[in-house]
Amino acid sequence: MHSIEVENLTKKFGHFTAVDHITFQVRKGEIFGFLGANGAGKTTAMKMMCGLLQPTSGKATIAGYSLKSEAKLIKRNIGYMSQRFSLYNDLTVYENMQLFGTVYGIPRKELNTRIFNSLEELQMTEKAKTLVNAIPLGWKQRLAFATAMLHRPQIVFLDEPTSGVDPIVRREFWNLIYRTASQGVTIFVTTHYMDEAEYCNRISIMSEGELKLVGTPQELKDKMQVDSIADVFVKFVNR
Amino acid sequence: MRIILMLIKKEFLQVFRSPLLLSILIVAPMVQFLLFPFTADYEVKVLHIAFIDNDHSSVSRSIIQKFTSSQYFINHGNPASKAEAEYMMLRDEIDFIIEFPKDLEKNLMSQQKSSIAIMANAINSVKAGIGTSYIQNMLSEFLQRESEYKDLSENTLSQLFTTNIYWYNEKMNYKNLIVPGILVILVTLIGAYVTALNIVREKEIGTIEQINVTPIRKWQFLLGKMIPFWILGMSEFLMGIGLMYLVFDITVQGSLPILLGITSIYLLVMLGLGFFISSVAENQLQAMFIVFFLFILFVLLSGLFTPTEGMPHWAAYINYFNPMSFYMDVIKMMVLKGSTIHDLRIQVISLSCMAIILNSAALFFYKENSR
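Shown next as structure tokens:
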């Protein structure tokens, strides 16, 4: 069963085509890596799938709902973590989670339990009353992830979730992603780090708005006859 | 409902955690109230004056003496020539030149026509106007008294008499006009400026994207912004009314509940404008320019500094689209004159229409998904 089905999705800004007829599917519970150089159109594609951008043409079914006619239902069933850190810096950890949880309509009592549990899991319980701008970036990222997961979405979109954090935090973050995926949540992640791409079940490479390659890391390496995804990327981009 | 309450709570938490915004909200009105009315007033307290005396008679000397002894005039002497006097005015040392013609005394005695020239520095037209008429008054007063001694006929006197009476603001108390005007400025700034900047800021730091990806509805988001800023605006207004009473002893002559009612409509207009601007502007700088441009336009046309009656016809037409002009009427009429809602029906209807139109436009243009 596919949780994301995208067909000929296109986005044009004036004469510039940011995303050019991309087509792919993502299975439920899969970790799907979305690779590409800067400006390749990854973020634009992701924003369209989240309902933040109106596609110029094409179709998509996200979590079983049509992007065109059921955008509200899609929003209820996805989580999104943007490239920029976008929780409120002047609210505390707890207040941020309470705000977003409430907006998703989680009942008060249930929400408090979920916040407590996820802070416990992140070992951030004692930080609940700290303002977000006072905690380190690595923790902020995990907090943003936990907040995006509060309403138990079927799919979570992560836009370069680990940019700017150190390798240890990155590894911890990926552990979090694995744990989440093992619970049946589909993970759609864009990244610049080629080693992270190796952790994905399947990856795709975008260039100049087009989706050039889709497959498991091993398939892509075999196809391009190289040893690492980094080489796949370099070879591909230089082509 | 729970979502909107949560959004309101979030907004208040943020306001009270932002020392800058909070101080703007509290200190700005204080400063405006305590400083502005004393500086932005047109009261003429002292006039600098010089005389060109071509007559050198006892009449001209006693006129000069009369002005010199008045506390409202400072005599800068008798320049020898007109050119010298004009040069003094050019250097802004004097506001007025009074020139006595040759044979002033002789003509007066023989009941012939004679004219005294008053030259005013009209860069400050208010000062020039008020000063000129005041000088005229003093001159005719002087001549009247002179006539009693020198036995001038009634006929000559009536020609000399000039009187100016200022209706409605007889004492020329500009504070009464300026202070309520500051109330208007306060409410406008909170409504349009703070709201627009707040939303555009969320755009800039990206939090609005995180909100937009949730199933939240447009109207929920807008209400969640509107209600807190409406409450803040009304608190500012009440604070202003309090300061107005404490500092200037001005009380609202009309009904306070009705004034609050109309103010809340005006606030809705300004909030709608703020939303609309935030949906057009990409960043805080753009928002600031737009608000600044509109604000200056509104203020200048509103009749706070210059009466609307003196404006050309086309300006009056523009004023039909100027919410501040309507609200300025309301404030002046309710605070100073004690008008009733019946007197203000046109303003209330106009403001209500603007509130509906602007907020609908804001709701329509607010994009959950950007282009």
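Residue numbers (our numbering), protein chains in the order written: chain A, 1 to 239; chain B, 1001 to 1371.
From the three backbone atoms N, C-alpha and C, an ideal C-beta is built for every residue, glycine too.
Residue pairing by DSSP puts Lys12(A) in a beta bridge opposite Thr17(A). Residues of chain A with a Cβ closer than 8 Å to the Cβ of Thr1214(B) are, in chain order, Lys75, Phe100, Val103, Tyr104. According to DSSP, Arg1201(B) shares a beta bridge with no other residue. Straight across, the Cα-Cα distance linking Leu9(A) with Asn1212(B) is about 21 Å. Of Met194(A), Asp20(A), Ile115(A), the smallest CA-CA separation from Ala45(A) is found for Asp20(A). In terms of Cα proximity to Ser1125(B), the closest of Val1044(B), Lys1082(B), Leu1090(B), Gly1338(B) is Val1044(B).
With a 10 Å radius around the Cβ and a threshold of 16 neighbouring Cβ atoms, Trp174(A) comes out buried. Around the C-beta of Val1031(B), fewer than 16 other C-beta atoms lie within 10 Å, and the residue is accordingly described as exposed. Here the stretch 1092-1100 of chain B lies against the stretch 1109-1128 of chain B, with 3 or more beta-carbon pairs under 8 Å apart. Under the three-state reduction of DSSP output, Leu1271(B) falls in the helix class. Restricting attention to Val132(A), Lys68(A), His2(A), the CA atom closest to the CA of Gln1014(B) is found in Val132(A). From the beta-carbon of Arg84(A), the residues of chain B found nearer than 7 Å are Gly1206. For Glu198(A) and Arg1201(B), the gap between their C-alpha atoms comes out near 38 Å. Going by beta carbons, Gly1224(B) and Ile1008(B) fall inside the 8 Å limit. Excluding five sequence positions before and after Lys1127(B), the CB atoms of its chain that fall closer than 7 Å to its own CB belong to Val1044, Asp1095, given in chain order.
Judged by DSSP secondary structure, Asp159(A) falls within the beta strand (DSSP E) whose first and last residues are 155-159. Of all residues in the stretch 32-57 of chain A, only Cys50, Gly51, Leu52, Leu53, Gln54 come within less than 7 Å of chain B when Cβ atoms are compared, listed by chain position. With a contact defined as Cβ atoms closer than 8 Å, Phe1221(B) and Ala1362(B) miss out at about 11 Å. In this structure, Leu1351(B) is the residue among Leu1351(B), Ser1302(B), Gly1310(B) with its C-alpha nearest to the C-alpha of Leu1273(B). Interface with chain A (8 Å Cβ-Cβ cutoff): Arg1017(B) is included. At a cut-off of 8 Å between C-beta atoms, Asp20(A) does not count as an interface residue with respect to chain B.
Secondary structure remark: continuous beta strand (DSSP E) runs of at least 3 residues inside the stretch 1033-1059 of chain B, in chain order: 1047-1053. Of the candidates Ser1060(B), Ser1081(B), Gly1233(B), Arg1017(B), Gly1233(B) places its Cα closest to the Cα of Ile1262(B).
Going by DSSP, Ile1004(B) is part of the alpha helix (DSSP H) stretching over 1002-1017. Counting along the chain, the unbroken beta strand (DSSP E) around Glu210(A) starts and ends at 210-215. Nearest to Gln1347(B) by C-alpha distance, out of Arg1017(B), His1048(B), Val1269(B), Ser1058(B), is Val1269(B). By the Cβ rule, the stretch 1180-1190 of chain B counts as touching the stretch 1331-1338 of chain B, because three or more pairs are nearer than 8 Å. Taking 4 residues as the shortest admissible run, the stretch 171-213 of chain A contains the following complete alpha helix (DSSP H) segments, listed from N- to C-terminal end: 194-199.
Below the 7 Å Cβ cutoff, chain A contributes Leu52, Ser82, Ser86 as neighbours of Glu1209(B), in chain order. Among the CB atoms of chain A, one or more fall inside 8 Å of the CB of Met1006(B). By DSSP's assignment, Glu7(A) forms a beta bridge with Lys59(A). For Ala45(A), the enclosing alpha helix (DSSP H) covers residues 42-49. Taken in chain order, the unbroken stretches of alpha helix (DSSP H) that lie wholly in the stretch 1263-1331 of chain B and span 4 residues or more are 1284-1302, 1313-1319, 1323-1331.
Looking at the backbone, the Cα of Ala1316(B) and that of Asp1329(B) are separated by about 14 Å. Counting only residues of its own chain and dropping the five nearest sequence neighbours on each side, Thr61(A) has a CB closer than 6 Å to the CB of Glu5. The residue among Asp1055(B), Leu1197(B), Pro1019(B), Gly1191(B) with its C-alpha nearest the C-alpha of Leu1285(B) is Leu1197(B).
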